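Chemist: Below is the structure I would like to discuss, written out as structure tokens.
Protein chains in written order, with the numbering used here: chain A, 5 to 101; chain B, 5 to 101.
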């Protein structure tokens, strides 16, 4: 099933429920930065996300330095934010709650 | 033991032995981009590096999207490239040889 980009209204509604994420109008994606106690904690978190991403066949763009992880979610096939990004963001939030 | 930045001559010698790495004069570090078959391969590689980095207490700055991993090595305490970066780069090269 093709994944489509959320329209402006649906995107606004989704973002209201994702206060920890920032919409990036340049990329059409959303970003969140997380800080952990140390590298082992940060990479442990990344490993959990990696398994989730592989199962969902939807992968983040992400950057890590020591205890910091910067995540960018977008759906290239849809040209912007899709429901799959929203689901991934919710899963990430639940994992770090 | 404090880690010191390589002087220009030692850095040039080290870079001669690291043809897959590019010196970034802005950051004072070195960069290498690797491509894998898919995300699972890329993240598997990252996991091996993460364990190595944790053992060495010397962590990369890195970015991943799907099958691509961009690695940046520098030594913040030394203000640039140190022997620890060279050792990490060699270990990464050996792992992907």
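The beta-carbon is built from N, C-alpha and C at its ideal position, and this holds for glycine as well.
All figures in this text were calculated on a predicted structure; none of them were measured in a lab.
Taking residue 65 of chain B as the query, report the chain A residues whose CB atoms sit under 9 Å from its CB, ordered along the chain.
Modeler: Under the 9 Å cutoff, chain A gives 67, 68, 69 and 70.
Chemist: Using 10 angstroms around the beta-carbon of residue 86 of chain B, count the other beta-carbons present and answer buried if the total reaches 16, otherwise exposed.
Modeler: With 16 or more other Cβ atoms within 10 Å, it is buried.
Chemist: Quick check: what's the CA-CA separation for residue 97 of chain A versus residue 91 of chain A?
Modeler: Approximately 10 Å, taken between the alpha carbons.
Chemist: For residue 43 of chain B, which residues in chain A fall below 8 Å Cβ to Cβ?
Modeler: Within 8 Å Cβ-Cβ: 54, 57, 58 and 63.
Chemist: For residue 71 of chain A versus residue 40 of chain A, is the C-beta distance shorter than 8 Å?
Modeler: A contact, by the Cβ cut-off of 8 Å.
Chemist: So residue 49 of chain B contacts chain A; which residues on that side make the cut at Cβ distance below 7 Å?
Modeler: Within 7 Å Cβ-Cβ: nothing; residue 49 of chain B doesn't reach chain A, min ~12 Å.
Chemist: Tell me which residues share the same chain as residue 18 of chain A and place their Cβ nearer than 6 Å to its Cβ, disregarding the 5 neighbours each side in the sequence.
Modeler: The answer, listed in chain order, is 90.
Chemist: Looking at the structure shown, is residue 73 of chain B part of a helix, part of a strand, or coil, going by DSSP?
Modeler: Three-state DSSP puts residue 73 of chain B in a strand.
Chemist: Quick one: residues in its chain with C-beta nearer than 6 Å to the C-beta of residue 23 of chain B, no 5 flanking neighbours on either side, listed in chain order?
Modeler: Once the five neighbours on either side are set aside, residue 23 of chain B has no close Cβ partner at all.
Chemist: List the residues that DSSP assigns as beta-bridge partners of residue 37 of chain A.
Modeler: Paired residue(s): A:74.
Chemist: DSSP three-state label for residue 83 of chain B, please.
Modeler: If DSSP states are grouped into helix, strand and coil, residue 83 of chain B belongs with coil.
Chemist: What are the boundary residues of the beta strand (DSSP E) that residue 26 of chain A is part of?
Modeler: From DSSP, the beta strand (DSSP E) with residue 26 of chain A extends over 26-28.
Chemist: Decide yes or no for the touch test of the region 63-78 of chain A against the region 26-42 of chain A: beta carbon pairs closer than 8 Å, at least 3 of them.
Modeler: Result yes; three or more Cβ-Cβ pairs closer than 8 Å.
Chemist: Got a sec, what are the start and stop residues for the alpha helix (DSSP H) residue 100 of chain B sits in?
Modeler: Run containing residue 100 of chain B: none; DSSP gives neither H nor E here.
Chemist: Over what stretch of residues does the alpha helix (DSSP H) that includes residue 6 of chain A continue unbroken?
Modeler: Segment: none, residue 6 of chain A is in no alpha helix (DSSP H) and carries neither H nor E.
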